[in-house]
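Here is the structure we will look at.
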Amino acid sequence: MSDWQRAFSVEEIGFGSWKQVDLDGTIVVIYNVDGEFFAIEDICTHDGAVLSGCPLEGDEVICPRHGARFSVKTGEALSAPAWEATATFPLKIENGDLFLRDNRWD
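Right, here's the structure in full:
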């Protein structure tokens, strides 16, 4: 289990925006969807494309290479050609700062 790592102040990411962070060597993208924050691994499970900076429609991010969609809330692959979910990471807010950790091997 990894420790909680400070990512940034919640004021640094507006509604509908995203921000990348390096979490112990894993690139994670954090999205602000209507004031709720969600963190997923910044990778398309179909072909390894980077998802940050890609179009966000509601709570879905669209891969630029082949159009696969992922839920930023659950990491679930929502359309072909991706079938495997991308990893998600727990978040918490303390004193206006956003923290995350890698719980994949808990």
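Under my numbering, think of the first position of the sequence shown as 359, with each following residue one higher. Don't be surprised by glycine CBs; every beta carbon is placed ideally from N, CA and C. Predicted, not measured: the structure shown is a model, and the values here were computed from it.
Item, Value
"Extract the residue ranges of the beta strand (DSSP E) inside the region 372-438, only unbroken runs of 3 or more that lie entirely within it.", "376-381, 384-391, 394-399, 418-420, 427-429"
"I want to know whether the region 413-422 touches the region 449-456 - three or more CB-CB distances under 8 Å.", "no"
"Smallest Cα separation from threonine 446: which of Arg364, Pro439, Leu436, Asn461?", "Asn461"
"So, does the region 407-416 touch the region 366-381, judging by three or more C-beta pairs under 8 Å?", "yes"
"When you compare each of Gly425, Leu436, Gly383 to alanine 407 by their alpha carbons, which one comes out closest?", "Gly425"
"Which value, in whole angstroms, describes the spacing of the CA atoms of arginine 427 and aspartate 464?", "27 Å"
"Just to confirm the assignment, what range does the beta strand (DSSP E) spanning alanine 445 have?", "Note, alanine 445: premise wrong, no beta strand (DSSP E); not H, not E."
"Residues in its own chain within less than 8 Å of alanine 438 by CB, not counting five upstream and five downstream?", "Ala426"
"Terminal residues of the continuous beta strand (DSSP E) containing aspartate 455?", "455-458"
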